[in-house]
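These notes concern the structure reproduced below.
Numbering (my numbering), first residue to last: 704 to 910.
Written as structure tokens, this is what we have:
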């Protein structure tokens, strides 16, 4: 059975005191969601990745100054501001800044919400859990095995390859196939917003 993930609050304490392992765990948890969020506003995932990585770097540099317990909220704010600054620099946001900021904050709620573990929303959690489980169960055997090892056991691609006796390229292909199948299933079964959020939660090792 997978080891329970540490809470954001525990990671916050570790990051404040310079624990690199806690920072890496937090990075892997939120990086894909933040990239997908940023990519909704800036041109392309490459720019989004750069902005998100810069935001994580600034967070780490300022770790000793952190007072905000909700690190996820703080980081989404940092990424939002980075996107706005980027767009302003490129002349995209000018007269409609208020409307644009409101839209970004609305989408932030979708991408920052932890749909897969928030016990405060039991009905939503159970629905998503069922849909994700159905989608995973429908995957081909080896594809399902690779996906479970990656997402539910937290193994890196090279660790999966070594354990199964296959190449890292084969692992990547299985993950790509799993992601495609999961995306198709969730788009048929859930709203667009929920499918995006679930996939963002699931793809921490893939993007």
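We treat Cβ as the ideally placed atom computed from N, Cα and C, and that holds for glycine.
Cα-Cα separation between residue 834 and residue 847, rounded to whole angstroms: 15 Å
Just to confirm, are residue 852 and residue 869 a CB contact at a threshold of 8 Å? no
Would you tell me roughly how many angstroms separate the C-alpha atoms of residue 773 and residue 753, rounded to the nearest one? 23 Å
Member of 874, 744, 888, 850 whose CA lies at the smallest distance from the CA of residue 838: 888
Return yes when the Cβ of residue 737 is within less than 8 Å of the Cβ of residue 782, no when it is not. yes
Let me confirm a value: residue 739 is counted as buried when at least 16 other C-beta atoms fall within 10 Å, else exposed. Which label applies? buried
State the DSSP-derived secondary structure class of residue 783, mapped to helix, strand or coil. helix
Below 6 Å CB to CB, which residues in the same chain sit around residue 718 once its five sequence neighbours on both sides are set aside? 725, 726, 766
Hey, how far is the Cα of residue 735 from the Cα of residue 751? 10 Å
I'd like to know if residue 712 contacts chain D, where contact means its C-beta is closer than 8 Å to some C-beta of that chain. Considering every chain present, this structure includes no chain D. It has just one protein chain.
Tell me whether residue 785 is buried or exposed, calling it buried when 16 or more other Cβ atoms sit within 10 Å of its Cβ. buried
Roughly how many angstroms lie between the CA atoms of residue 877 and residue 732, to the nearest whole one? 21 Å
Using alpha carbons as the reference points, say which of 729, 844, 749, 858 lies closest to residue 760. 729
Suppose contacts are defined by Cβ-Cβ distances below 8 Å. Is residue 745 in contact with residue 790 by that definition? yes
Anticipated Cβ contact below 8 Å, residue 762 with residue 787, distance rounded: No, residue 762 and residue 787 are not in contact; Cβ-Cβ is about 17 Å, not under 8 Å.
As assigned by DSSP and simplified to three states, the class of residue 726: helix
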